[in-house]
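First the structure, in the form of structure tokens, and then the observations on it.
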Amino acid sequence: MELDRIAAKADRGERLTREDALALYHTPDLFALAELADAANQRRNGLRVTFNVNRHLNPTNLCVNHGSCRFCSFSAGLGDPEGYTMTREEILAAVADLEHTGATEVHVVGGLHPRKGYDWYLGIVRDLKAAHPRAHIKAWTAVEIDHFTRLTGRSAAAVLAELREAGLGSLPGGGAEIFAEDVRAELCGKKAFSDRWLEIHAAAHGLGIPSNATMLYGHIESLAHRVDHMARLRELQDRTGGFQAFVPLAYHPAHNPLPVSEPTTGLDDLRTLAVARLFLDNFRHLKTYWIMVGEKLSQVALHFGANDIDGTVVRERITHEAGATTPEHLPQEELVRLIRRAGRVPVERNTLYEELRTWV
Ligand code: SF4
Numbered sequence: 024m025e026l027d028r029i030a031a032k033a034d035r036g037e038r039l040t041r042e043d044a045l046a047l048y049h050t051p052d053l054f055a056l057a058e059l060a061d062a063a064n065q066r067r068n069g070l071r072v073t074f075n076v077n078r079h080l081n082p083t084n085l086c087v088n089h090g091s092c093r094f095c096s097f098s099a100g101l102g103d104p105e106g107y108t109m110t111r112e113e114i115l116a117a118v119a120d121l122e123h124t125g126a127t128e129v130h131v132v133g134g135l136h137p138r139k140g141y142d143w144y145l146g147i148v149r150d151l152k153a154a155h156p157r158a159h160i161k162a163w164t165a166v167e168i169d170h171f172t173r174l175t176g177r178s179a180a181a182v183l184a185e186l187r188e189a190g191l192g193s194l195p196g197g198g199a200e201i202f203a204e205d206v207r208a209e210l211c212g213k214k215a216f217s218d219r220w221l222e223i224h225a226a227a228h229g230l231g232i233p234s235n236a237t238m239l240y241g242h243i244e245s246l247a248h249r250v251d252h253m254a255r256l257r258e259l260q261d262r263t264g265g266f267q268a269f270v271p272l273a274y275h276p277a278h279n280p281l282p283v284s285e286p287t288t289g290l291d292d293l294r295t296l297a298v299a300r301l302f303l304d305n306f307r308h309l310k311t312y313w314i315m316v317g318e319k320l321s322q323v324a325l326h327f328g329a330n331d332i333d334g335t336v337v338r339e340r341i342t343h344e345a346g347a348t349t350p351e352h353l354p355q356e357e358l359v360r361l362i363r364r365a366g367r368v369p370v371e372r373n374t375l376y377e378e379l380r381t382w383v
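Here it is, written out as structure tokens:
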């Protein structure tokens with residue numbers, strides 16, 4: 024039987040092929056798939072499930088690609104009444120109580136502002152670091168870094184080195200969407216291409232800047248496109264080892280022009296996590312993003328290969344603009360409760376996955 028053959032491979036520590044991953048996607052035996060993924064996770068991470076206490080900051084939603092990224096409900100064009108750009112004071116005020124809330128990270132992403140130069144973005148990192156020297160600044164997707172290289176005419180490595188000097192600790196990993204060029208052309212024709220996304224992450228890894236990797240699924244892509252996406256990430260990880268976590272992002276269809284009427288189902292979300300755990304054998308951490316799939320499904324996902332549950336998060340705007348009905352904030356006690364009730368050990372971590380506190 025196909026699943027037994029793949030299970031035996033996984034047990035022997037043999038790498039799965041793209042065909043294996045597709046077979047896992049199609050297996051009717053969801054619980055056997057869960058068992059395999061859970062075993063693979065426990066071999067690496069035991070029963071520990073990590074989360075971090077963080078704060079999301081989206082300094083602007085104005086974007087030169089507004090209208091061109093057809094899945095994006097967050098962006099606005101110049102003159103749009105929904106458009107906003109935070110001032111330096113507003114940015115600092117939004118995270119003024121960071122240490123007081125126990126947060127150790129600020130997660131910063133936003134639009135490619137049509138008028139702001141690179142110095143504005145650099146200044147945000149510098150200001151945040153000056154105001155919160157102990158916090159980890161996880162900022163800007165590869166799409167934003169690519170934008171900065173166009174604004175400055177400098178290489179990605181040069182821009183990244185300067186951002187690191189200003190206080191950047193890591194890249195969050197967004198903007199990957201789906202790498203397959205034909206899908207990407209339809210999804211977000213103007214946005215940095217797949218090779219460029221991978222090249223920028225490779226440049227970050229080369230400088231010792233770690234990053235995460237995302238995949239936006241559940242829109243116009245096929246299962247083979249998802250596997251292809253993961254295969255390209257696995258290949259880069261073999262070369263650099265710089266990815267910390269893989270974060271599948273379930274597409275939310277509200278308020279955008281992409282002709283997809285339904286959100287992903289819970290089973291698709293769980294299956295995608297399980298396949299990722301088994302196929303991405305060189306990624307230690309697999310995150311379930313509760314903002315997108317909900318707290319309850321994220322709890323179940325801890326038995327489908329996920330070992331990390333996204334942080335407490337405050338003021339998430341991007342997914343909520345696309346129709347997410349999840350809360351914008353989950354208190355730490357609630358995350359701990361969800362993890363414990365899943366039979367796992369909650370561990371608060373920092374951005375670099377160093378453990379800060381364990382609930383035994
Ligand atoms: S996905 Fe990013 S680059 Fe594309 S329109 Fe939205 S904010 Fe702009």
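Numbering-wise (the working numbering), the sequence shown opens with residue 24 and increments by one. Don't be surprised by glycine CBs; every beta carbon is placed ideally from N, CA and C.
When we look at the beta-carbon of residue i and count the other beta-carbons within 10 Å, is it buried (16 or more) or exposed?
i	result
residue 128	buried
residue 218	exposed
residue 354	exposed
residue 111	exposed
residue 331	buried
residue 334	buried
residue 305	exposed
residue 265	buried
residue 358	buried
residue 292	buried
residue 319	exposed
residue 288	exposed
residue 197	buried
residue 25	exposed
residue 237	buried
residue 172	buried
residue 192	buried
residue 167	buried
residue 155	buried
residue 313	buried
residue 297	buried
residue 379	exposed
residue 381	exposed
residue 119	exposed
residue 31	exposed
residue 123	exposed
residue 383	exposed
residue 142	exposed
residue 317	buried
Our contact map puts residue i next to residue j with C-beta atoms below 8 Å; I'd like the distance itself, whole angstroms only.
i	j	result
residue 187	residue 230	7 Å
residue 244	residue 206	5 Å
residue 372	residue 75	5 Å
residue 275	residue 286	6 Å
residue 290	residue 299	Contact doesn't hold; Cβ gap of about 15 Å is too wide.
residue 184	residue 235	At roughly 20 Å, the Cβ-Cβ gap does not stay under 8 Å, so residue 184 and residue 235 are not in contact.
residue 326	residue 365	7 Å
residue 80	residue 117	6 Å
Pull up the DSSP beta-bridge partners for residue i, would you.
i	result
residue 238	271
residue 283	Note: residue 283 sits in no beta bridge, so no partner.
residue 179	Beta-bridge pairing links residue 179 to no other residue.
residue 77	128
residue 332	311
residue 380	371
residue 86	DSSP, once it has assigned bridges, lists no residue as partnering residue 86.
residue 71	368
residue 217	The partner list for residue 217 (beta bridge, DSSP) is empty, contrary to what the question assumes.
residue 352	Per DSSP, none; premise fails for residue 352.
residue 92	211
Between the beta-carbon of residue i and the beta-carbon of residue j, is there less than 8 Å?
i	j	result
residue 211	residue 134	no
residue 214	residue 190	no
residue 147	residue 82	yes
residue 179	residue 126	no
residue 281	residue 63	no
residue 370	residue 71	yes
residue 121	residue 158	yes
residue 203	residue 248	yes
residue 223	residue 165	yes
residue 41	residue 283	no
residue 361	residue 48	no
residue 101	residue 140	no
residue 257	residue 56	no
residue 77	residue 130	yes
residue 307	residue 67	yes
residue 29	residue 45	no
residue 221	residue 255	yes
residue 259	residue 201	no
residue 242	residue 94	yes
residue 73	residue 376	yes
Please confirm whether residue i has its beta-carbon closer than 8 Å to some beta-carbon of chain D.
i	result
residue 305	Of the chains in the structure shown, none is chain D; there is only one protein chain.
Could you name the residues whose beta carbon sits closer than 6 Å to any heavy atom belonging to the ligand SF4, keeping them in chain order? 86, 88, 89, 92, 95, 97, 98, 134, 135, 166, 211, 214
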